[in-house]
Structure formats: C-alpha cells, structure tokens
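Student:
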Amino acid sequence: MSSPPRNDVGTEALALDRLRTILGDMGSVLVAFSGGVDSTLVLKVGHDVLGARAVAVTAVSPTFPAVELALSQTLCAEIGARQIIHETDQLRDSEFVMNTASRCYRCKTDLYSALVPMATRLRLAVVVNGAHCDDLGDDRPGLQAAREYGVRSPLVEAGMGKAAVRAAARWLGLSNWDKPAAACLSSRIARGEAITVERLRLVEAAEALLFHEGFRQVRVRDHGGNARVEVGQDELARLFEPAMRDQITIKLAALGFATVTLDPNGYRPGSTNQASVLYL
C-alpha cells in the first residue's frame, strides 16, 4: 500500500496529532466499532496511544451483515486491539420494526444504553464512536442518541471530515482506508415497510451476489419485495453490460424478489426513500 504524496504529510500529521491528543486525554476508551474506516481510525489511534485501555465493541444483530463482522474481526487482529462482541436484536423493538423515522435513533439508543454501563464495568472512561464532521450536516438521529448518553466523537472534535479520515487511514496503512461506506441492512427497506429477518437476509444475500461479481459499492433496496440495485458511479457501465445485467436480474429474481431493476443513477446515500427513474 502506497503512502500519500509528501505534500500531504503536514495535513495528515496535524490531524493525527489532534486525534492522538484528544484520545490520550480521555485516558481509556470503549470504541463503538463497526469495521468501517471511521471507527477503524479511532480504534487504531486509540490503541496506539492508550494500548490495552482502548477496547473495541462490535454490536452484532440481524441488521449487521456477516461479512462486516468478519472484516471487523480481521481489523482488530491487525491493530492488535481487544474486541468484544455485543449481541443485540433491534427486532424486539416494535417501533424499530415499523421502520419509522425514529428507527436509527432507537437503534443507537439501544446500543449506547448498553455500552455506557459496559464501559463502567470495564473501567473505561469514555464511550466513543466514529462520527466525523461531514456527518453533522446529514440527517443523523443516531448523533442525538450519542449526545444523550455522553458518547463522544473524537473525529469531530479533531475537525476531521471523511476525506481527512481516509487520508489519515491511508497514511497509517490501514487496510480498509478506501472501503466504501456501509450501513445497516435495515436502511435498504423502504420507510414504513416492516423490517423482518427474512427481508434482511434476502437483501444480504442479494448484495453478496454483487460483491461476488466484484462490485465494491453496493446497495440492494427492497421496495415492497421489489429490488432496486445501486452500484458506485464508476461501476455503472459494467453493471449495464448486457451479459452482466441479465445475470444479476436473473439471480436476484431467483432469490425471491418480485422484480429487479437497475438504477442508472448509481449509489446515493439514503436513496431508499427517494424517487428514481429505473430501468430493467
């Protein structure tokens, strides 16, 4: 893995120095760790500064893809950090299952209400997450839950947005520095439609097929049992190659989707609840 150009060294060094100072001043941390680049950077720097006093905790539930759990375990091994697997099940919450606007808030509330006492039991001073400055302008009800439970966001405190996070992660040699953003599987189901284990597993299987074909940025949106496929902008041409298009639509239909459409607009965060022109 190559390092950034030399003229980026000062920028990355300053950002990392701020992050090291912030985490060091905390004394000990429990990192809400998903395996994404954001929480990986927090865990890596925290472990570098605090050693065993930086512990990762990964919440495992029906909404968390198995491939992401495996990746999180690999990353913790690479960093040398202790990882705790916290099993939870948002589907016990009827309001979460109803898939209302409060879904993310309820999920994070459930998580942080468990992590704060866990940190106390482990004698860790602060629970931290991987939120960064670019998240502040989005609709992120999970950030409200973080504030309510005193969960801190060291990347925000260090003034780091997504580009700075990726640059710093690359500078540190993190293997997932360019990993596309991920989100829980429930975000694939259209707002107001019930979230069930069966629908989550169907979406997970569909996305696994696309990953197997080499696509990196993947979302399969479930609209009433109909699949809408999104891939990264740089992957659209390949998705719409006739042979690939036919292969994907046939395989996803075989999984159980009533119809399969390919979105020519490509991946867009939060587009499950946006209108889009679709093509077979």
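First residue of the sequence shown? That's 0 in numbering that gives the first Met the number 0, and the numbers climb one at a time after it. Note that beta-carbon positions come from the ideal geometry of N, C-alpha and C, so glycine has one too.
Are glutamine 232 and glycine 265 touching if we call contact CB-CB under 7 Å?
Tutor: Contact: yes.
Student: Would you be able to state if there are at least three C-beta pairs under 8 Å between the region 22-36 and the region 90-105?
Tutor: They do not touch, by the three-pair rule.
Student: Closest to leucine 282 by CA distance: which of Arg267, Thr10 and Leu29 is it?
Tutor: Because the chain is modelled from 0 through 279, residue 282 falls outside the range shown and cannot be assessed.
Student: Start and end of the beta strand (DSSP E) containing leucine 261?
Tutor: From DSSP, the beta strand (DSSP E) with leucine 261 extends over 259-261.
Student: Whose C-beta lies closer than 8 Å to the C-beta of methionine 243 among residues of the same chain, with five residues either side of it excluded?
Tutor: Closer than 8 Å at Cβ, skipping near neighbours: Glu212 and Arg237.
Student: List the endpoints of the continuous beta strand (DSSP E) containing histidine 222.
Tutor: Looking at the DSSP string, the run of the beta strand (DSSP E) that includes histidine 222 is 217-222.
Student: Please determine, among His222, Thr108 and Asp221, the residue with the shortest C-alpha to C-alpha distance to glycine 141.
Tutor: Looking at the Cα atoms, Thr108 is the closest of the given residues.
Student: Cβ of valine 227 within 7 Å of Cβ of aspartate 262?
Tutor: Note on residue identity: the sequence assigns arginine, not valine, to residue 227. Against a cut-off of 7 Å, the Cβ pair of aspartate 262 and arginine 227 comes out as a contact.
Student: Please report the straight-line C-alpha distance between glutamate 203 and glutamate 234, rounded to a whole angstrom.
Tutor: Whole-angstrom Cα-Cα distance: 20 Å.
Student: With the cut-off set at 7 Å, would you say alanine 58 and glycine 45 are in Cβ contact?
Tutor: Not in contact: alanine 58 and glycine 45 (Cβ atoms no closer than 7 Å).
Student: Count the other C-beta atoms from every protein chain shown that fall within 10 angstroms of the C-beta of arginine 146, then say buried if there are 16 or more, exposed otherwise.
Tutor: Exposed, because fewer than 16 other Cβ atoms sit within 10 Å of the Cβ of arginine 146.
Student: One question on the structure: do alanine 80 and leucine 42 come within less than 7 Å of each other, judged by their Cβ atoms?
Tutor: Contact: yes.
Student: Which residue from Val150, Asp134 and Pro64 puts its Cα closest to that of cysteine 183?
Tutor: Among Val150, Asp134 and Pro64, the Cα nearest to that of cysteine 183 is on Pro64.
Student: Whole angstroms are fine: how far does the CA of leucine 173 sit from the CA of leucine 40?
Tutor: The alpha-carbon atoms of leucine 40 and leucine 173 are separated by roughly 8 Å.
Student: For my contact list, valine 126 and proline 153 are in at a C-beta cut-off of 8 Å; report their separation, rounded to the angstrom.
Tutor: That pair is no contact at about 11 Å.
Student: Round the Cβ separation of alanine 205 and valine 219 to the nearest angstrom and send it over; I've been treating them as touching at under 8 Å.
Tutor: The Cβ separation is near 4 Å, so the contact holds.
Student: Cα-Cα, which of Ala55, Ser60 and Pro61 is closest to threonine 73?
Tutor: With distances taken between Cα atoms, threonine 73 lies closest to Ala55.
Student: For the beta strand (DSSP E) holding isoleucine 83, just list the boundary residues, first then last.
Tutor: It spans 82-86 - the beta strand (DSSP E) in which isoleucine 83 sits, taken as one unbroken run.
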